[in-house]
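Presented below is the structure to which this report refers.
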Amino acid sequence: MSAPGKGGFSKAVYTRPRSLVDVKSHFCPGCHHGTIHKIVAESIDRYGLREKTIGVACVGCAVFLYDYIDVDVVESPHGRAPAVATGVKRAQPDKFVFTYQGDGDLAAIGTSEIIHAANRGENLSVIFVNNTTYGMTGGQMAPTTMLGQKTSTTPYGRDFSSDGYPIRMAELLAGLEGTAYSARVAVSTPAQIRKAKEAVRKAFEMQIAGMGLSIVEFLSTCPTNWGMKPLDAQKRVLGEMSEYFPLGVFKERKQADIA
Amino acid sequence: MSALAVSPSKRLLTKGNEAICLGAVAAGCRHYFGYPITPQNDIPEHMAAHLPALGGTFLQAESEVATINMMLGTSASGKRVMTSSSGPGISLMQEGLSYMAGSELPAVVVNISRSGPGLGGIAPSQGDYFQAVKGGGHGGYRLIVLAPHSVQEMYALTMLAFDLADKYRTPVLILGDAIVGQMKEPFVASPYDPASTVEKPWALTGCAGRERRNVKSLYLKDNAIEVHNWKLHEKYERIRENEVRAESYMLDGATIAIVAFGTAARVSKTAIQWARKEGIAAGMLRPITLFPFPKREVFELARTVDFLLVIEMNTGQMVEDVRQCTPLHDRIAFLGKPCAMPTPEEILERIRLLAGKKG
């Protein structure tokens, strides 16, 4: 903050979250990772968790979590973050543990790990970033790629007859007994960002209360691999993505199963 | 089922697989993750029965892929952690083992190996030698590999495995087989020496009062991955220098020296005793560490004997490493028995043949 503050006319009303590292972002213009990182960092600060948090980074653009969030982070193999997080949480049940995973990571190669972590009711929080493509490897088809969407491996558009359908993970995981909380949010408007913050707080509160696995799916942009300007990418999230992947809360446990 | 907390120096009649559990718990391991597979199921069953009462964690994972990654998380937390499996399951763990080697995380992985390739069979085998000692997963790394040949060693080498894993921050593999896992014999549950435990200033425990830490294997900037590879190489060289373990068995004046590990070595001891009774000077060099391999010992031995007889329960894997230790290849003979235990009679027959050749 560079407010002069002389004579008491200025006061800080907004500061960088303590848990967000003060570095230049390397993410592409219009990418939502930065916004999502900030929401995660704010929520860590809100509950005073920074010094008892272990984050689990996955493979893909999301791996660089540890360059931006000022907490201990362990790097997981592709898709295995919920298993790694299980190992951390079982070893240190008093710590706060979250994973940060992309859609290829969580919804393709890591489906087994996320489903079984949720089904065991592992007391973890999962931040799931769905941008309908593999960003780091150059824009290939993801399990969440929309029907008709052109990617480098669906050059004629995703066709359900050969590629299947985009998978709705928030709804799928909500169907498991062990899942305490499952919501889908977006960050394309200030109102959406406010709701996203509420969802992440709720997810973190679930873990603090020992309720089981909580997951927040973020609809996110990848202007670079979508071949769109940042503003057009926001419109895509607000339009066709939100239509197929509805925003909302799909599961919210009221009390823990185990007394 | 015997209790886990055993009084030291008491002789117990125990299965090899159970001795591994006793050794692990004695060494302070309280976290076990695993997935069922024959012939090692008595290990997870034992841990499931006893770890909760010790305040530990037993978790049956959804796969060996998940297992090894749960271990990664627990190890990154600074805790001693173990799994056990057999060939097909160990194959599924190779990804995680590569990440753990790259991230410099300690862990103990037990392979009570069975026959392969593929689903193979449940007969004892040493067909996983290459996978164990040459890295197994991608990217170029080594595991420390220990090869017990008795129930006593199943116990003692498990304790050693935890110490070596922590000392070098690397996964350690115990390569057993269905025979050493399932056979029962008396052993002494010698106490664990806690002097060997080390601090873990790298563990992720939440950054209270310190800078944040990462545990990772991704190095993208400049030549960081090259530097990291040389660092790992230097570690493996230190292991080669300091951690070779081998048993010299009746090698005094030996003209025929068997080189064998695990169950193949155990059977060979009987054949050697019979040969000695017949006046044939047979003996054995038994590698206890398969990585690091007792290179100097094999080199020296090859110069003093007429024949090195390599015996393995496969069609020839360790014999390649023996050949690398000495230029005297015409002195190396091989007896392979894939997916079956060689009998003392078969081994004695080969010893006689070699003795006749020279005589």
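So the sequences go chain by chain: A and B.
Each step along the first sequence adds one to the number in my numbering, with nothing skipped, and position 73 is 109.
Each step along the second sequence adds one to the number in my numbering, with nothing skipped, and position 287 is 293.
Ideal Cβ positions, reconstructed from N, Cα and C, are used throughout, including at glycine.
Under the three-state reduction of DSSP, Ser-188 (chain A) is assigned to coil, being neither helix nor strand. Within the same chain, no residue comes within 7 Å of Ala-227 (chain A) by CB-CB distance, once the 5 residues on both sides are set aside. Those residues of the region 125–138 of chain A placed with their C-beta closer than 7 Å to a C-beta in chain B are Arg-126, Ala-127, Gln-128, Lys-131, ordered along the chain.
In this structure Lys-222 (chain B) is not in contact with Ser-92 (chain B), their Cβ atoms being roughly 30 Å apart against a cut-off of 8 Å. Of the residues assessed, Ser-61 (chain A) falls on the exposed side of the cut-off, its CB having fewer than 16 other CB atoms within 10 angstroms.
Judged by DSSP secondary structure, Phe-168 (chain B) falls within the alpha helix (DSSP H) whose first and last residues are 157–174.
The alpha-carbon separation between Glu-253 (chain B) and Arg-292 (chain B) amounts to approximately 5 Å.
Assignment of beta-bridge partners to Leu-183 (chain A) by DSSP yields A:Arg-194. By the CB criterion at 9 Å, Thr-176 (chain B) and Ala-107 (chain B) fall inside the cutoff.
For Thr-122 (chain A), same chain residues with a beta-carbon under 6 Å away, outside a window of 5 residues either side, are Ala-153, Glu-158 in chain order. Interface annotation, His-234 (chain B): not in contact with chain A, CB-CB separation never under 9 Å.
Pro-177 (chain B) has B:Ala-113 as its beta-bridge partners, per DSSP. Shown here for Arg-272 (chain A): same chain residues with a beta carbon closer than 8 Å to its own, the five before and five after excluded, namely Thr-257, Trp-262, Met-264 in chain order. For the set A:Asn-155, A:Leu-142, A:Ile-244, A:Lys-47, the Cα lying nearest the Cα of Val-99 (chain A) is the one of A:Leu-142. Nearest to Phe-132 (chain A) by C-alpha distance, out of A:Gly-175, A:Tyr-217, A:Arg-86, A:Ile-163, is A:Arg-86.
For Trp-280 (chain B), the closest C-alpha among the options B:Ile-357, B:Pro-344, B:Leu-125 is that of B:Ile-357. Between the C-alpha atoms of Lys-301 (chain B) and His-335 (chain B) there is a straight-line separation of about 14 Å. With fewer than 16 other Cβ atoms from the protein chains shown falling within 10 Å of its own Cβ, Ser-198 (chain A) counts as exposed. Scanning chain A for C-beta atoms nearer than 7 Å to the C-beta of Glu-70 (chain B) yields nothing, as the closest lies near 11 Å away.
Taking a contact as a CB-CB distance under 8 Å, the pair Thr-89 (chain A) and Asp-58 (chain A) does not count as one, their CB atoms being some 18 Å apart. Annotation for Ser-104 (chain B): the continuous alpha helix (DSSP H) segment containing it runs 100–108. Each residue's CA atom was taken as its position, placing Met-247 (chain A) and Arg-194 (chain A) some 38 Å apart.
Separation of the CB atoms of Leu-283 (chain A) and Arg-230 (chain A) is rounded to 12 Å, and the pair is thereby denied contact status at 8 Å. The beta carbon of Leu-210 (chain B) is closer than 7 Å to those of Ala-82, Ser-83, Arg-219, Val-221 in its chain, skipping five residues each way along the sequence.
Around the beta carbon of Phe-193 (chain B), 16 or more other beta carbons sit within 10 angstroms, so the residue counts as buried. Here Ala-235 (chain A) has Ala-219, Val-221, Val-252 as same chain residues with Cβ atoms under 6 Å from its own Cβ, once five neighbours each way along the sequence are excluded. For the 9 Å CB-CB criterion, Gly-175 (chain A) and Gly-138 (chain A) do not form a contact. In the structure shown, Pro-130 (chain B) falls within a strand segment according to DSSP collapsed to helix, strand and coil. A contact is defined here as three or more CB-CB pairs under 8 Å, and the region 70–85 of chain A fails this definition with respect to the region 31–49 of chain B. Not a single CB atom of chain B sits nearer than 9 Å to the CB of Gly-84 (chain A). Residue-level contact by beta carbon fails for Ala-154 (chain A) and chain B, as no gap is shorter than 9 Å. Cβ-Cβ separation between Thr-173 (chain A) and Gln-185 (chain A): approximately 16 Å, too far for a contact (criterion under 8 Å). Within a 10 Å sphere around the beta-carbon of Glu-318 (chain B) sit 16 or more other beta-carbons, which makes this residue buried.
Gln-291 (chain A) sits in coil when the DSSP states are folded into three classes, being neither helix nor strand. Phe-134 (chain A) and Ser-112 (chain A) do not touch by the CB rule: their CB atoms are close to 12 Å apart, not below 8 Å. Relative to the Cα of Pro-123 (chain B), the nearest Cα in the group B:Ala-260, B:Thr-164, B:Ile-96, B:Lys-140 belongs to B:Ile-96.
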